[in-house]
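One structure is given below, encoded as structure tokens.
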Amino acid sequence: MDKFVVQGGARLEGSIAVGGAKNSALPVMAACLLTSEPVLLRRIPRVRDIRTMQRLLVDIGARAEWSRGHLHVQAAEILSPEAPYELVKTMRASSLVLGPLVARAGRARVSLPGGCAIGARPINLHVAGLEQLGARIRQIHGYVEAEAPNGLRGAGIRFDRVTVTGTEDLIMAAVLAAGETVLENAAREPEVADLCQLLVRMGARIEGAGTPTIRIQGVERLHGAEHTIIPDRIEAGTFLIAGAITGGDLLVAGCDPEHLSALVAKLQQAGAEVLPEGPDALRVRTSARLRSADVETQEYPGFATDLQAQYMALMTQAEGIAIITETIFENRFMHALEMARMGANIRLEGRQAIVAGPRELTGAGVIASDLRASASLVLAALVARGETVIDRVYHIDRGYEKIEEKLAGVGARIRRVE
Ligand code: EPU
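Numbers given in our numbering equal positions in the sequence shown, counted from 1, plus 267.
What follows is the structure, encoded as structure tokens:
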């Protein structure tokens, strides 16, 4: 298993490039199952979760190949409408094929994901929504089996709580359902809107993407299309925090500043200078000491839970007490205990982490528990005195493309060892 070895203390300077959004690429790849025609996808990041989704599409019967940096997917036929436990247990987002498979093939068999390092994360809302669209559902032997031999029917569906992949799954089911579907309390994340943009290019009729109410008029079939996915706002946010925490001067290039406004507001409140440089870059600089600023995670456009761990690393270096409240997942504080081993002063009380800073961090051996937790440990290591060894970096490889090379390119002393 690979590890990262980081020598702390380097200021990050220069320009760092953001790749395509993993959480946009995953539903967009699943959407390719909705047509027999070819779909060309640009800016898909080369990360492990994408390889897992590619494998899943191929197992289902699609072709999914890289050519000149783009991903070409064609699901001419659905041979096996299944997502087996072996894949779902390594990546929960595999459940994104449920909606498209029922819509296109009239049936699907998808493993239930089971527990996760950050919370229970059930998919009951995906399943309930599909039932409302007329699918017959059975849950047996750890699998969801869905059938709609005569196709799905549009319906009014109100989500009990906001779910990102749940919204995406049901949009993909509804685009081929007969009649109108109205999704209420839908997720407003930019990744949902990006998926809808591809679907519309494929011939779907969707209104209200990016708002809580999404209206879909079902069509009989979808056709091939080309699409460039949005930049990864979480990778961009991680780099902004890397610039701020090291007291550096970093240009985060190829991002969408609008998608980062909640983080940018917090960074400014904490005393970092963050300014746009053109339409698709942000420059972060910190000269004065950082100040604490409380954060509560929220659905988009609020502060992303996927940046909470990284922000906690930043708050260990800020003057004062910061209260970080996690409202999306019930157990997303594993990184706090690892940061405490590096010297951070963090107290956990239910859904809140109380961070008292600034504290000098010292290098230590730490273990990454999930994707964003690993990123936060890299950030903590960048400012720690001495050497930090981060174990289980396969978590970070799920969602960050060559993060060690990108950070080393702007001055970080980080290397991967086998
Ligand atoms: N929930 C339910 N029932 C459901 C679905 C969700 O109770 O049927 C609950 C979850 O347990 C959670 C909350 O609703 O407490 C929100 O979960 P959501 O469904 O929105 O999360 P997700 O779709 O599984 C996506 C991202 C996550 C990100 C969350 C929240 C993808 C592939 N994953 O997950 O990304 O944290 O939205 O923004 O889009 C990551 O990239 O590291 C990551 C975990």
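Cβ coordinates follow ideal geometry from the N, Cα and C atoms, glycine included.
Can residue i be considered in contact with the ligand NAP, in the sense that its beta carbon sits closer than 6 Å to one or more heavy atoms?
i           : result
residue 293 : You won't find the ligand NAP in this model; what it holds is the ligand EPU.
Tell me where the beta strand (DSSP E) around residue i begins and ends.
i           : result
residue 308 : 306-309
residue 516 : 516-520
residue 332 : 330-334
residue 556 : Premise fails: residue 556 is in no beta strand (DSSP E) and is neither H nor E.
residue 572 : Per DSSP, residue 572 belongs to no beta strand (DSSP E) and is neither H nor E.
residue 424 : 423-425
residue 274 : 270-274
Any heavy atom of the ligand EPU within a distance shorter than 6 Å of the CB on residue i?
i           : result
residue 389 : yes
residue 271 : no
residue 600 : no
residue 360 : yes
residue 426 : no
residue 663 : no
residue 452 : no
residue 596 : yes
residue 286 : no
residue 523 : no
residue 374 : no
residue 386 : yes
residue 573 : yes
residue 396 : no
residue 437 : no
residue 417 : no
residue 382 : no
residue 431 : yes
residue 290 : yes
residue 689 : It is not possible to answer for residue 689, since the shown part of the chain is limited to 268 through 685.
residue 741 : In the structure as shown, the chain starts at 268 and stops at 685, and residue 741 therefore has no counterpart that could be examined.
residue 392 : yes
Where does the unbroken alpha helix (DSSP H) through residue i begin, and where does it stop?
i           : result
residue 577 : 575-582
residue 394 : 391-399
residue 501 : 500-512
residue 410 : Residue 410 -> not in any alpha helix (DSSP H); beta strand (DSSP E) instead, spanning 410-414.
residue 430 : Element bounds for residue 430: n/a, residue is neither H nor E.
residue 473 : Taken as a continuous stretch (DSSP letters only), residue 473 belongs to no alpha helix (DSSP H), being part of the beta strand (DSSP E) at 472-474.
residue 482 : No alpha helix (DSSP H) contains residue 482, which is instead part of the beta strand (DSSP E) from 481-484.
residue 493 : Premise fails: residue 493 lies in the beta strand (DSSP E), 492-495, not in any alpha helix (DSSP H).
residue 535 : 528-536
residue 477 : Premise fails: residue 477 is in no alpha helix (DSSP H) and is neither H nor E.
residue 756 : Lying before the first or after the last residue shown, residue 756 is absent from the chain, which here runs from 268 to 685.
residue 448 : Careful: residue 448 lies outside any alpha helix (DSSP H), inside the beta strand (DSSP E) at 447-451.
residue 295 : 289-298
Output the distance between the C-alpha atoms of residue i and residue j, rounded to the nearest integer angstrom.
i           : j           : result
residue 473 : residue 556 : 47 Å
residue 487 : residue 437 : 16 Å
residue 617 : residue 304 : 49 Å
residue 370 : residue 417 : 10 Å
residue 533 : residue 547 : 20 Å
residue 342 : residue 284 : 32 Å
residue 314 : residue 321 : 11 Å
residue 538 : residue 600 : 24 Å
residue 406 : residue 394 : 10 Å
residue 352 : residue 382 : 13 Å
residue 640 : residue 575 : 9 Å
residue 513 : residue 331 : 40 Å
residue 258 : residue 446 : The shown model of the chain, from 268 to 685, leaves out residue 258, and the question about it has no answer.
residue 520 : residue 549 : 7 Å
residue 677 : residue 503 : 14 Å
residue 650 : residue 358 : 31 Å
residue 559 : residue 570 : 16 Å
residue 669 : residue 508 : 17 Å
If you run the structure through DSSP and keep just helix, strand and coil, what is residue i?
i           : result
residue 282 : strand
residue 546 : coil
residue 383 : strand
residue 595 : coil
residue 371 : helix
residue 444 : coil
residue 377 : strand
residue 420 : strand
residue 467 : helix
residue 586 : strand
**Request:** Please specify which runs of the alpha helix (DSSP H), each continuous and at least 4 residues long, are wholly inside the segment 602-684, giving them in chain order.
**Result:** As far as the segment 602-684 is concerned, its whole alpha helix (DSSP H) runs of at least 4 residues are 638-650, 661-664, 670-675.
**Asked** Mind pulling the alpha helix (DSSP H) runs of 4 or more residues that sit fully within the segment 316-369?
**Response** 352-355
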